Amino acid sequence: QVQLVESGGGLVQAGDSLRLSCAASGRTFSIVLMGWFRQAPGKEREFVAHISWSGGTTYVRDSVKGRFSISGDNAKNTVYLQMNSLKPEDTAVYYCATDLGKGKYEYWGQGTQVTVSS
């Protein structure tokens, strides 16, 4: 199993920046992908970004590309989501998750709330 703990959320104003962190523990040697997702009130959870844990290849959804970036620190077993120029529509609970090579995100964190005021 892998345990994931997110941190870094909060209440900010439009245009501000936040950096979310997700610390992994447990079977971290099995991690293939680390991803960030978000779920806004009344909406489906959506993919935001992921990073390949071994090669560092990243992918960010088009709607946040240029504002959000994902990075990882293998030594600390931590993945980050840097969010710049935040907009009210970025308000959501942000979750990190991990894929251990089975082609699906099996393990999820508890989420961290990001609220962007206009």
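Quick note on our numbering: the sequence shown kicks off at 369 and runs consecutively.
Note that CB positions come from ideal geometry on N, CA and C, so glycine has one too.
Treat the numbers as computed from the prediction; the structure is a model and nothing was measured.
Are the beta-carbon atoms of residue i and residue j separated by less than 8 angstroms?
{"i": "residue 313", "j": "residue 388", "result": "With the chain running from 369 to 486 in the structure shown, residue 313 is simply not present."}
{"i": "residue 566", "j": "residue 460", "result": "Examination of residue 566 is not possible in this model, given that the chain is present from 369 through 486 alone."}
{"i": "residue 475", "j": "residue 370", "result": "yes"}
Residue i bridges to which residues according to DSSP?
{"i": "residue 389", "result": "375, 448"}
{"i": "residue 381", "result": "485"}
Determine the burial state of residue i: buried for a count of at least 16 other Cβ atoms within 10 Å of its Cβ, exposed for fewer.
{"i": "residue 425", "result": "exposed"}
{"i": "residue 374", "result": "buried"}
{"i": "residue 445", "result": "buried"}
{"i": "residue 436", "result": "buried"}
{"i": "residue 406", "result": "buried"}
{"i": "residue 379", "result": "exposed"}
Requested in this report: Would you list, in sequence order, the uninterrupted alpha helix (DSSP H) runs of no fewer than 4 residues that lie entirely inside the segment 404 to 485?
Outcome: Along the segment 404 to 485, the alpha helix (DSSP H) does not occur as any fully enclosed run of 4 or more residues.
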